[in-house]
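> So in the numbering used here, spot 177 of the sequence shown is number 177, and the numbers just go up one at a time.
For glycine and all other residues, C-beta sits at the position ideal for the given N, C-alpha and C.
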Amino acid sequence: MEASSFRRQTAGKGYDFLPPEPSIRQVRRMPRMDDVADAEFVVVGKARPRAAYAGVRNDNHHTTFTTKAPPPVLVAIVAAVLRSLEVWLQRASLRGFAALAISLFVLVFGLTGGLSGLSQGGAAPADTLHFSHVTITPRDANGMRILLINGIIENESGVTQQVKPIRADLVSDERLTASIVIEPPTDVVYAGQSRGFSTRVQYAGGKLPEVRLSFMP
1 MEASSFRRQT
11 AGKGYDFLPP
21 EPSIRQVRRM
31 PRMDDVADAE
41 FVVVGKARPR
51 AAYAGVRNDN
61 HHTTFTTKAP
71 PPVLVAIVAA
81 VLRSLEVWLQ
91 RASLRGFAAL
101 AISLFVLVFG
111 LTGGLSGLSQ
121 GGAAPADTLH
131 FSHVTITPRD
141 ANGMRILLIN
151 GIIENESGVT
161 QQVKPIRADL
171 VSDERLTASI
181 VIEPPTDVVY
191 AGQSRGFSTR
201 VQYAGGKLPE
211 VRLSFMP
């Protein structure tokens, strides 16, 4: 009887079951963008063609400079010569060094003097003082026959020249018949200028001689 009463009590008990509350899910919404009704496009700059960019990128090989290093053999020779000279200078005495310095000075001075002499010799003017428009005219003066000699001294050397006394030789049939000295009209003749001179010589008559002019030494 106890068992039956227990079963009845057990069967008569009630249980309450509560279902879990449904979870509320939050749906993420994308921000709403305003609708664009009108759009205005502005051209910022003119696009450069691809060829221009290619030319800029490929210009590196034009501006590349390569320097050639000196040959190692030449460098070694120069270094050996300098080393030998340094060793010789260290071993040389004071007299030897002085003799070397004097020899180098004489060599340089001689070369400089020789070159200057050559330059002066090459720059010497070919034309110095010379005579032009030389004439010889026979005349009578107080019953005497004379020869009037006229001429011009010209300076075409480009520098001022000193005028020396003039020697006039009268030559007839390749024979010297008379010789006189003419005083110059001036002491110097400047570059590009000329001076005239004149003199009289007694003349015996006969064939007109030839006059040859020169400057006295």
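Roughly how many angstroms separate the alpha carbons of Ser198 and Glu174, rounded to a whole number?
24 Å
> Is Gly206 helix, strand or coil when you go by DSSP?
coil
> Contact between the stretch 103-110 and the stretch 135-152: three or more CB pairs below 8 Å?
no
> Assign Val163 to one of three DSSP states: helix, strand, or coil.
coil
> Does Gln162 pass the burial test, meaning 16 or more other C-beta atoms within 10 Å, or should it be called exposed?
exposed
> Closest by CA to Val211, which one among Val189, Leu176, Pro184?
Leu176
> On the three-state DSSP scale, how would you describe Ala191?
Under the three-state reduction of DSSP, Ala191 is assigned to coil, being neither helix nor strand.
> Let me make sure I understand the geometry here. Which of Leu147, Ser157, Ile153, Ala76 has the alpha-carbon closest to that of Asp169?
Leu147
> Using the three-state DSSP reduction, which class does Glu86 fall into: helix, strand or coil?
helix
> At 4 residues or longer, and completely inside the stretch 130-181: list those alpha helix (DSSP H) runs for me, N to C.
none
> If we ignore side chains and look at the alpha-carbon of each, how far apart do Trp88 and Ile102 end up?
Trp88 and Ile102: Cα-Cα distance of roughly 17 Å.
> For Thr135, which residues from the same chain have a beta carbon less than 7 Å from its beta carbon, with the 5 sequence-adjacent residues on both sides left out?
The residues are Asn150.
> Is it the case that the CB of Gln202 approaches a heavy atom of the ligand ADP more closely than 7 Å?
This structure lacks the ligand ADP, and indeed carries no ligand of any kind.
> Can you list, in chain order, the residues of its chain with a C-beta nearer than 6 Å to that of Ile152? Leave out the 5 residues immediately preceding and following it.
Ser132, His133, Ser194, Gly196
> Check the DSSP bridge columns for Val201 and list the partner residues they point to.
Leu147
> Hey, out of Ala80, Gly96, Thr137, whose CA is closest to Gln202's CA?
With respect to the C-alpha of Gln202, the residue from Ala80, Gly96, Thr137 having the closest C-alpha is Thr137.
> Taking the DSSP output, what are the residues bridged to Arg91?
For Arg91, which the question treats as bridged, DSSP gives no partner whatsoever.
> CA-CA distance, Arg167 and Ala98?
56 Å
> Is it right to say Glu86 is buried, meaning 16 or more other beta carbons lie within 10 angstroms of its own, or is it exposed?
exposed
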